[in-house]
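Trainee: Can you read through this structure? Questions will come right after.
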Amino acid sequence: MRRIGIKQIVWLGLLFVVMAAVIAACSGRTENPSSTAGNRAATGNKPGTKLFKAENGEIEIPANPQRIVAIQFAGDLLALGVKPVGIGSIVLNNSEQLKDELAGVADVGDVSVEKVLELAPDLIVAPSYLPPETVEKLGKVAPTVTLPWGGFAGSDPLEEVRTFGRMLGKEKEAEAWIARYKEKAAQAKQKLAGVIGPGETAASYEIWAKNLWVWDKNQRAGYNLFATLGLTPPDKVKKDVFEPGKSRDISQEVLPEYAADHMFVTVYQEEGGAERAKELMDNSIWKNLPSVKNNRVYLLNLKQFWFSDGLSLEKQLDILTETILSRSQK
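Each residue of the sequence shown is one higher than the one before, counting from 1 in UniProt numbering.
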């Protein structure tokens, strides 16, 4: 057997020392699990996720969600160029102006957790008026964010689009849409400057089977009429009805007190609403309104003005502008 010399023993020893140093250095560069956990805890999210402050708390959501189910807020998503995979039946049944953009989107009812589950979403967006137990069930399917629904809570539609921009990491898209909307609004105001005089008033109304509503400044056509086009409500409307949440059901006898020079009217035709509208418009009280005599009552399609979110609002501005201009040309 060959003996190992002193020099070979020394060299082997040095080799072991070098190898140990290399291993130690590599170990030093390896991520410390406890340190990583601490960093993630500090930021509050896992890789590929982020925290979003919603009505139902801080929710950990995907940083770049690909399959979104939205019970409401379709117009906000579409304004950002995002098409949901599922949408609530209220939107699909009552949003005529978004029909083309929502073609092929699944109907999840109002709201079926089972149908939502079938779509395998990675994010669910719901209005805060949903019962907490429904939100809890949806949260077991995918991260669920609840927000005030603008048409219900009176929140500003443009800020709603910004909120979705922050949620989805599409802040630039949100600001680009808002800029486009404001430019369209400026053009509309120029077109209507000679049609609606500075001293003339406007307001939004809706006829139901058993109700006659005067809407607040955000409902139906309200946001575009007042915040966007800068029109003025009648004094009685401004005093009693104007602020969000103060929409008022009035009798036909007091309608002249709330009537504007330009009246924008929708009809909820179900449950006898269509018949009530005909009955009201055949009444002498209606026929004697100045707006009726001057042909300044604009009947709008309710399914085009049901929602005031993002793209819905933009399309409504086009409809209002065209409707007013076409009436003035007759």
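The beta-carbon is built from N, C-alpha and C at its ideal position, and this holds for glycine as well.
In whole angstroms, what is the alpha-carbon distance linking Ser34 and Glu58?
Mentor: Residue placement at Ser34 is flagged as unreliable, the pLDDT there being 30, under the threshold of 50; a coordinate-derived value is accordingly withheld.
Trainee: May I have the straight-line CA-CA distance separating Thr323 from Tyr298, to the nearest angstrom?
Mentor: Between Thr323 and Tyr298, the C-alpha separation is close to 7 Å.
Trainee: From what residue to what residue does the beta strand (DSSP E) around Thr266 run?
Mentor: That run of the beta strand (DSSP E) goes 262-267.
Trainee: Rounded to the nearest angstrom, what separates Ala188 and Thr228 at their Cα positions?
Mentor: About 9 Å.
Trainee: Within the same chain, show all residues whose beta-carbon is closer than 6 Å to that of Ser308, passing over the 5 residues directly before and after it, in chain order.
Mentor: Correct list, in chain order: Gly150, Gly151, Pro157, Tyr223.
Trainee: Count the other C-beta atoms from every protein chain shown that fall within 10 angstroms of the C-beta of Arg220, then say buried if there are 16 or more, exposed otherwise.
Mentor: With 16 or more Cβ atoms within 10 Å of its Cβ, Arg220 is classed as buried.
Trainee: Using the DSSP secondary-structure output, state which residues sit across from Pro127 in a beta bridge.
Mentor: In the DSSP output, where bridge partners are listed per residue, Pro127 has Leu147.
Trainee: Nearest CA to the CA of Ser326: which residue from Leu80, Glu314, Phe305, Asn295?
Mentor: Measuring from the Cα of Ser326, the nearest candidate turns out to be Asn295.
Trainee: Considering only DSSP beta bridges, list what Asp76 is partnered with.
Mentor: DSSP lists no partner for Asp76.
Trainee: Pair every Cβ in the stretch 254-269 with every Cβ in the stretch 187-201, then say whether three or more of these pairs are closer than 8 Å.
Mentor: With a cut-off of 8 Å, the stretch 187-201 and the stretch 254-269 count as touching, because enough Cβ pairs lie within range.
Trainee: In the DSSP output, which residue or residues are listed as bridge partners for Arg248?
Mentor: Beta-bridge pairing links Arg248 to Val214.
Trainee: Cβ of Val145 within 9 Å of Cβ of Asp76?
Mentor: No; because the gap between Cβ atoms is not below 9 Å, this pair is not in contact.
Trainee: What residues are listed by DSSP as bridge partners for Tyr258?
Mentor: Answer is none; Tyr258 lacks a bridge partner.
Trainee: From Leu289 to Ala174, what does the alpha carbon distance come to, in whole angstroms?
Mentor: The straight-line gap from Cα to Cα measures roughly 42 Å.
Trainee: In this structure, does DSSP put Asp240 in helix, strand or coil?
Mentor: Correct three-state label for Asp240: helix.
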